[in-house]
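Numbering (the numbering used here), first residue to last: 402 to 538.
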């Protein structure tokens, strides 16, 4: 299959679409802050060998379409991205403490949206599994 990547014992093509927002959906992702967040996300992807297909930092949310090896769960990826960017942005821009009501507030909201994406539909997988069952009868 085209587009598959290889690990020591695996072949895979895992892609995720993530969306997340600053706390209280504050409109702070612009200018230098947006540029710095984009750079930090790209750096995290490079260090962890993730592949970014698309990245858009909007004024009040981020879209990220990214691929990773099976050892990375979506929640682990978000922990790395949101945790790392939140800490660094708050250090570099202490004036954000006023926007987020204090030094203990986090930069990002707690939740996020994630959807797996790929080139194979549910129908194709279902039909393939059914054919496999029939071939062993």
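Just so you know, even glycine gets a beta-carbon here, dropped at the ideal spot from N, CA and C.
In this structure, does DSSP put residue i in helix, strand or coil?
| i | result |
| --- | --- |
| residue 455 | strand |
| residue 442 | helix |
| residue 412 | strand |
| residue 462 | coil |
| residue 427 | coil |
| residue 404 | coil |
Expressed to the nearest angstrom, what Euclidean distance is found between the alpha-carbon atoms of residue i and residue j?
| i | j | result |
| --- | --- | --- |
| residue 509 | residue 446 | 18 Å |
| residue 408 | residue 476 | 21 Å |
| residue 478 | residue 437 | 18 Å |
| residue 516 | residue 490 | 26 Å |
| residue 423 | residue 512 | 10 Å |
| residue 514 | residue 418 | 8 Å |
| residue 526 | residue 518 | 14 Å |
| residue 520 | residue 497 | 41 Å |
| residue 427 | residue 462 | 9 Å |
| residue 429 | residue 533 | 52 Å |
| residue 433 | residue 459 | 13 Å |
| residue 465 | residue 439 | 10 Å |
| residue 487 | residue 501 | 12 Å |
| residue 387 | residue 412 | Residue coverage of the chain in this structure runs from 402 to 538, which leaves residue 387 outside it and unanswerable. |
| residue 415 | residue 456 | 17 Å |
Kindly indicate the opening and closing residues of the alpha helix (DSSP H) around residue i.
| i | result |
| --- | --- |
| residue 516 | Taken as a continuous stretch (DSSP letters only), residue 516 belongs to no alpha helix (DSSP H), being part of the beta strand (DSSP E) at 514-518. |
| residue 500 | 497-500 |
| residue 481 | 475-493 |
DSSP puts residue i in a beta bridge; with which residues?
| i | result |
| --- | --- |
| residue 420 | 464 and 514 |
Assuming residue i and residue j are in contact, meaning their beta carbons sit under 8 Å apart, how far apart are those beta carbons, in whole angstroms?
| i | j | result |
| --- | --- | --- |
| residue 483 | residue 421 | 7 Å |
| residue 454 | residue 442 | Not quite, the Cβ-Cβ distance comes to about 13 Å (not below 8 Å), so this is no contact. |
| residue 493 | residue 449 | About 22 Å separates the two Cβ atoms, so there is no contact after all. |
| residue 451 | residue 469 | 5 Å |
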